[in-house]
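Take 0 as the starting number for the sequence shown in numbering that gives the first Met the number 0 and just add one per residue.
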Amino acid sequence: MCTTKELIELIAKSLVNEPDAVIVREVHGASATIFELSVAPDDKGRVIGKGGRVANSMRTLLRVAAAKERKRVTLEIM
Numbered sequence: 000m001c002t003t004k005e006l007i008e009l010i011a012k013s014l015v016n017e018p019d020a021v022i023v024r025e026v027h028g029a030s031a032t033i034f035e036l037s038v039a040p041d042d043k044g045r046v047i048g049k050g051g052r053v054a055n056s057m058r059t060l061l062r063v064a065a066a067k068e069r070k071r072v073t074l075e076i077m
């Protein structure tokens with residue numbers, strides 16, 4: 000079973016043309032954990048998707064995975 004950080008990396012690397020440029024940072028806050036996803040500038044549109052559909056789908060999967068661990072998380076695309 001993979002962690003939420005590994006899940007984000009796996010999804011992002013499968014979407015982009017430059018998987019080596021995918022970086023996920025984990026920032027722990029008072030009430031939630033924030034995952035900051037950064038990709039190559041040319042791949043940003045692939046991760047966000049048309050109308051933000053891909054990004055919202057990633058956020059939904061992340062929330063479900065985090066709920067199993069009883070955590071609150073958010074995903075920010077830098």
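All C-beta atoms, glycine included, are put in the ideal place defined by N, C-alpha and C.
- Restricting attention to V38, R71 and E75, the CA atom closest to the CA of L14 is found in V38.
- For R24, the pairing in a beta bridge is given by DSSP as E35.
- Between R62 and R71, the alpha-carbon positions lie close to 7 Å from each other.
- Look at E75 here: in three-state DSSP terms it is strand.
- Pairing E17 with T73, the inter-Cα distance amounts to about 24 Å.
- For the pair F34 and T59, the Cα-to-Cα distance works out to about 13 Å.
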